[in-house]
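K.L.:
Protein sequences, first through last, are from chains A and B.
Using the numbering used here, you'd call the opening residue of the first sequence number 1 and step up by one each time.
Using the numbering used here, you'd call the opening residue of the second sequence number 1001 and step up by one each time.
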Amino acid sequence: MLPSRFDYVAAHSIEEALAAKAQGDEDTRFLAGGQSLLPMMKLRLAVPSKLIDINRIDGLGGVERRNGHLRIGAAARHADVAASDAAFGAVAAAAPWISDPLVRNLGTLCGSVAHCDPEGDWNSVLLATGADVVARGPGGERSIPIAEFVQDMFANSLASDEMVTEVRVPVPSGRSGGSYVKLERKIGDYATVAVAGHLELGDDGRIAAAGLALTSVAPINLKVAEAEALLVGNQPGPELFAEAAELAAAAADPRDDVRGTARWKRQVVRTFTGRALAAAADQALKG
Amino acid sequence: MTAHTTTPPEIGGIGHSLKRVEDARLIEGQGNFLDDISLPGMLYMALVRSPVAHARINGIDIEAAMAVDGVLAVVTGELMAAHNLAWMPTLSGDTQAVLATDKVRYQGQEVAAVIATDPYIAADGAELVDVDYDVLPAVVTPQQSLDPDTVVIRDEKEGQTDNLAYEWECGDDAATAEAFARADRVVSIQTHYPRSHPAPLETCGIVADVNPVTGQATIYMTSQAPHAHRTLFAMVAGLPEQNIRIISPDIGGGFGNKVPIYPGYVVATAASLVIGKPVKWVETRTGNLISTGFGRDYHMSGELALTDEGRILGLRVDVLSDQGAFYSDAQPSRYRAGLFHVVTGSYDFPAAHITCRGAFTNKAPGGVAYRCSFRITEASYLIERLVQTAAYELGIDPADLRFRNFIQPEQFPYETPTGFVYDSGDYPTALRKALDAVGYEQLREEQAEARAQGRLIGIGIAHFTEAVGAGPAHTYDIAGLKMIDSAELRVHPTGKAILKLGVKTQGQGHETTFAQIVAEQLGIPAYDIKVEHGDTDHTPYGLGTYASRSTPVGGAATAVVARKLADKARHIAAHLLEAAVEDIEMAAGKLHVKGSPDQAVTIQDVALAAYTNLPEGMEYGLEDVTYYNPPNLTFPYGSYIVVVEVDPDTGVWKVERMVALDDCGVRINPMIVEGQIHGGLTEGFAMSSMQWITFDEDGNCIGSNFMDYLVPTAWETPRFELLETVVPSPHHPIGAKGVGESATVGSPAAYVNAVVDALAHLGVRNIDMPVLPDRVWEAIDSAAS
Ligand SMILES: Cc1cc2nc3c(=O)[nH]c(=O)nc-3n(C[C@H](O)[C@H](O)[C@H](O)COP(=O)(O)OP(=O)(O)OC[C@H]3O[C@@H](n4cnc5c(N)ncnc54)[C@H](O)[C@@H]3O)c2cc1C
């Protein structure tokens, strides 16, 4: 449980961090909350040559509404999101479900997004809410839709000289609601199954936009486009949600493991999709 | 709860919930744990462990590791063999590899050790030791293991031609067969009590400091049994016993895990001996979880013979135990399956027969009594699951079936068909009280209403009887060392005292509880009594703390030695008061002449007199030592009731109520007793719901860190409602029975019975632990189809 030798540098600006990354070799890594990276280093599953600590960069934190979106800075902790009045819908619902208070006090949303662990919660939430990831590199800034950002298990679409500076979640203009329903074996555990739901209602009461994504039941966080398509244009209700739940269960690709059988996980996806959509609709109607 | 006390709070004898003496230093970070110990010139050791479950070792290349700056030595099995230390005896008469020479037999087995100037360098070196393995098929179940075509795991063992570790039987086969022939009904259950790990927060470790000139070996070690370990070190390593001093410092939890001697201890000691410098080894979390003493892993089939009226006539049990690669059960009895034959439980019936076989597999060795007397948890679980099943099959309420079969209060001392003599108890009163507390009859009505609405509520009962406090010398020993224990008490001239124990706390609160036993007998305030334990040079001999034996054996020794001093104190008081000894009465720290309470001296006056003013011919001082050989085990019991609600759509279950009535005889410190029960109920919840070690088909251990091995925290642990009855042990000097393990033993069946009860109307009879939600949902789903 002791990491191997590594170098460490604390960056004080984004420019400094990017310069350090450009100078480093391919095993140079950014260090955010360290809640994924440090455990891997202790198990020697990650053996970085150098860590670039981004925690001391001014202005990198913050959870706030700006220009029609919710901005979550790269240094914002899970706990900051959980405590924020600006967070809404599925984002607000998911924050208290990230691990335990210890991890939430250090780990960052952007670090989790960059890490692309299919058992991580945030990427499902961002897929359901249609968020963008903002990256900075030597050539400037670009905004990457989350669906493009998540490439594969533990693989994102950042170039080797880029870092994530923030995440932007669009704030719906009309009535909307979101939810995150998670089954974990104990507090602090990753999801056995989790479902992120997001619904926007039109003036006619029909669903104008829908987002649905699954955690821990596929090699990546899974956006269930078929179910989203089914929902849009229809009146929210138990039968519609049950149909969407069937599509989600069919789309899920879980495995048998210590957390349970694949057959059962599919059943949980079915049940939780129904519950997630009902909760989202409920919030949209009340809000 | 108001406890019965005979001393005022200032003295704090039996029945007072004194705050724990040890807590201040532990909470304020002033404890001294193994890893806090640092000696000048100390070196660090890291172990190289096998990544595979079964393989032949072709060779070990240490060159790259030796080339690391700061690595001083790489120890292999070959080097240990040169000192005749490649193998060591186990506590069950088998041998265990210290460092593998021929084969590795489980994932995580110790293969080499790297000694370096700093722990990081030792870890770097360990990574570079290059072992050439020829991988063999892994044997991961005992059923597979006993198949005649399976490869022999212990091929180094002379005469071993299969994978059978032991066979044992107990009870009366013929009488049991006769009972089954008479039965109206036979009810059976097959269940696996899964492998669990005690997972103490502090892993195992050692600082071995062998002086190259004097040969004095000072060994700091995470040991639940320092004296026994000293003797075993002397026997195995051939060191003269007077040169070995084992110091077991503050221990961050043991739960049975710190009873065995592990390879790391042996290698570190040998390395210190050879190098002539102190060597520290602190196990990693993964090392602890994958290689050290696990608990359980019992595949059990039980059958009950019953009459239609629900009277039990007989019990038949067959066990297949998964021993792992070496048969190294750490248990104190002469019976192969420990105290498993307590499986007849709280019930009165004439016949039982038990057969057990142990099988070698490619898994870590070391069956330990994880917070129980050895194998009692498995036994208690089986009988309570069986009785519950019988209730459903006979259509009798599970509480009622228990009442119909309980051993009655007037039957004590009660001899069971397997040979235990239960000391005391009143089971019907205990169960009735627990049922009333939970509101049993009304809950059954609510359950029926809920079922009608499609909700699943379950009520689970377990009424367990434990056998603890090993034990009488005629039956209980470890490596021939009788399971006696000791206490030495010295009262100083100012009336303060030091109590030295052969047992060793790992968090149970000995420093408080044992002082209270002395306070009760002598009237010296408990806080004026220092309790010392864990250092073999400074304490009298004892077999250590496990099997709930500290209070039954060490506590008895403490009471007896304090009574010896009370007797001497009476003589001194008689001298001081110029009265006859027979006329001296002693209560709450005062010794007075019968009938004239004003004619009195205090125990402190007597203590001073013991060193200043004695009657003619009396030896100076006020101290003594006692070795206690208990006449019998003690038999704590309890009635636990759990109420759960199960989500039919996901199988997730939640504990709504947990009512636990314990009768552990006289409670010395009620607060500490309740703390022990809370801890045990939590571990019972853990094992029933989430905490297990399992393996994939290649023998890879799943559960090698706290992300995979789930230990519940305060978040998921249910609320407990505690109750008590007090039926003292008739043979224990203060009537105490021991309580450290009752709740771990008794509660798993209550939780599981509750979940099964929620599904009983669907025909579900068994779900193996851990009762994971997928298992629950699959049971509902297959019952439906
Ligand atoms: C016990 C435990 C339980 C957990 N349970 C959960 C859970 O239930 N749900 C869940 O979602 N997560 C869980 N996590 C993970 C946790 O959320 C992490 O905080 C998160 O995955 C990573 O964020 P971090 O800030 O800690 O990143 P770090 O560990 O510092 O970094 C993770 C990776 O992302 C890279 N990275 C970090 N920041 C950036 C950036 N700005 N730009 C580019 N790359 C970057 C790093 O180089 C590294 O490769 C758990 C972690 C632990 C230790």
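Yeah, the Cβ is synthetic: ideal placement off N, Cα and C, and Gly gets one too.
Note that the structure is a prediction, hence the values are computed from the model and not measured.
Could you check the C-alpha separation between B/Asn-1766 and B/Val-1756 for me, to the nearest Å?
P.N.:
Whole-angstrom Cα-Cα distance: 6 Å.
K.L.:
If we ignore side chains and look at the alpha-carbon of each, how far apart do B/Lys-1654 and B/Glu-1645 end up?
P.N.:
Cα-Cα distance, rounded: 5 Å.
K.L.:
Identify the continuous alpha helix (DSSP H) that holds B/Gln-1599 and give its terminal residues.
P.N.:
Here B/Gln-1599 belongs to no alpha helix (DSSP H); instead the beta strand (DSSP E) covers 1596-1602.
K.L.:
Entirely within the segment 1653-1721 of chain B and at least 3 residues each: give me those beta strand (DSSP E) ranges in chain order.
P.N.:
1653-1663
K.L.:
Please classify B/Lys-1433: does DSSP put it in a helix, a strand, or coil?
P.N.:
In the structure shown, B/Lys-1433 sits in a helix (DSSP, three-state: H, G or I).
K.L.:
Do the segment 1635-1643 of chain B and the segment 1493-1507 of chain B touch if we need at least three Cβ pairs shorter than 8 Å?
P.N.:
no
K.L.:
Strictly below 8 Å CB to CB, what residues from chain D border A/Val-167?
P.N.:
The question asks about chain D, but that chain is absent: this structure's protein chains are A and B.
K.L.:
Answer yes or no: the CB of B/Phe-1635 versus the heavy atoms of ligand 1, is any distance below 6 Å?
P.N.:
no
K.L.:
Quick check on this structure: which residue in B/Leu-1772, B/Glu-1178 and B/Trp-1777 has the alpha carbon closest to the alpha carbon of B/Leu-1762?
P.N.:
B/Trp-1777
K.L.:
Would you grab the beta carbon distance between A/Leu-247 and A/Leu-240 for me? Rounded to a whole angstrom, and I think it's under 8 Å.
P.N.:
11 Å between Cβ atoms; not a contact.
K.L.:
I'd like to confirm something about A/Thr-108: is its beta-carbon nearer than 6 Å to some heavy atom of ligand 1, or not?
P.N.:
yes
K.L.:
Indicate the three-state DSSP secondary structure (helix, strand or coil) for A/Gln-267 in the structure shown.
P.N.:
helix
K.L.:
Got a sec: is the Cβ-Cβ distance from A/Gly-260 to anything in chain B below 7 Å?
P.N.:
Interface residue, yes.
K.L.:
Can you determine whether any heavy atom of ligand 1 sits closer than 6 Å to the C-beta of B/Val-1186, and answer yes or no?
P.N.:
no
K.L.:
Would you say the beta carbon of A/Gln-35 is closer than 6 Å to some non-hydrogen atom of ligand 1?
P.N.:
yes
K.L.:
Quick check on the DSSP output: what are the complete beta strand (DSSP E) runs of length 3 or more inside the segment 1561-1618 of chain B, in order along the chain?
P.N.:
Fully enclosed beta strand (DSSP E) runs of no fewer than 3 residues occupy 1584-1587, 1590-1593 and 1596-1602 of the segment 1561-1618 of chain B, in order along the chain.
K.L.:
Tell me where the beta strand (DSSP E) around B/His-1463 begins and ends.
P.N.:
Judged by DSSP secondary structure, B/His-1463 falls within the beta strand (DSSP E) whose first and last residues are 1456-1465.
K.L.:
Would a check of beta-carbon distances place B/Met-1001 closer than 7 Å to chain A?
P.N.:
Here the model assigns B/Met-1001 a pLDDT of 43, short of 50, so the residue's position is not dependable, and the following value carries that caveat. For B/Met-1001, the answer is no, since every Cβ of chain A falls outside 7 Å of its Cβ.
K.L.:
At which residues does the alpha helix (DSSP H) containing A/Phe-149 begin and terminate?
P.N.:
Start and end: 146-149.
K.L.:
Can you tell me the Cα-Cα spacing of B/Phe-1340 and B/Asp-1061, whole angstroms?
P.N.:
45 Å
K.L.:
Just the C-alpha distance for A/Leu-70 and A/Cys-110, rounded to the nearest angstrom, thanks.
P.N.:
Those two C-alpha atoms are separated by around 13 Å.
K.L.:
Report yes if the C-beta of A/Leu-31 is less than 6 Å from at least one heavy atom of ligand 1; otherwise report no.
P.N.:
Relative to ligand 1, A/Leu-31 has its C-beta within less than 6 Å of a heavy atom.
K.L.:
With a threshold of 16 other CB atoms inside 10 Å of the CB of B/Ile-1829, please say whether the residue is buried or exposed.
P.N.:
Any property of residue 1829 of chain B remains undetermined from this structure, which presents chain B solely from 1001 to 1785.
K.L.:
For the segment 11-35 of chain A, which residues have a beta carbon sitting closer than 7 Å to at least one beta carbon of chain B?
P.N.:
none
K.L.:
Quick one: what does DSSP say B/Met-1300 is sitting in, helix, strand or coil?
P.N.:
Of the three classes helix, strand and coil, the one that applies to B/Met-1300 here is strand, per DSSP.
K.L.:
Count the C-beta pairs between the segment 1577-1596 of chain B and the segment 1529-1538 of chain B that are closer than 8 Å, then say yes if the count reaches three, no if not.
P.N.:
no
K.L.:
Would you say B/Pro-1123 reaches chain A, if we count a Cβ-Cβ gap shorter than 7 Å as a contact?
P.N.:
The sequence as given places Ala at residue 1123 of chain B; Pro does not occur at that position. Cβ-Cβ to chain A under 7 Å: yes for B/Ala-1123.
K.L.:
If I follow the unbroken beta strand (DSSP E) through B/Cys-1170, where does it start and stop?
P.N.:
Start and end: 1164-1171.
K.L.:
Which class does B/Thr-1416 belong to by DSSP, given the choice of helix, strand or coil?
P.N.:
Looking at B/Thr-1416 - three-state DSSP - the assignment turns out to be coil, as it is neither helix nor strand.
K.L.:
With which residues is B/Cys-1356 paired in a DSSP beta bridge?
P.N.:
B/Trp-1168 and B/Val-1319
K.L.:
Less than 6 Å between the CB of A/Ser-99 and some heavy atom of ligand 1, yes or no?
P.N.:
The answer is yes for A/Ser-99.
K.L.:
Helix, strand or coil: which one does DSSP assign to B/His-1732?
P.N.:
coil
K.L.:
With H, G and I counted as helix, E and B as strand and the rest as coil, what does DSSP make of B/Asn-1054?
P.N.:
One detail in the question is off: residue 1054 of chain B reads as His in this sequence, not Asn. B/His-1054 falls in the coil class under three-state DSSP.
K.L.:
What is the residue span of the alpha helix (DSSP H) that B/Val-1236 lies within?
P.N.:
1226-1237
K.L.:
Would you mind stating whether B/Ala-1758 and B/Ile-1457 have Cβ atoms separated by less than 7 Å?
P.N.:
yes
K.L.:
At a cut of 8 Å, does the segment 115-126 of chain A reach the segment 45-65 of chain A through at least three beta carbon pairs?
P.N.:
no
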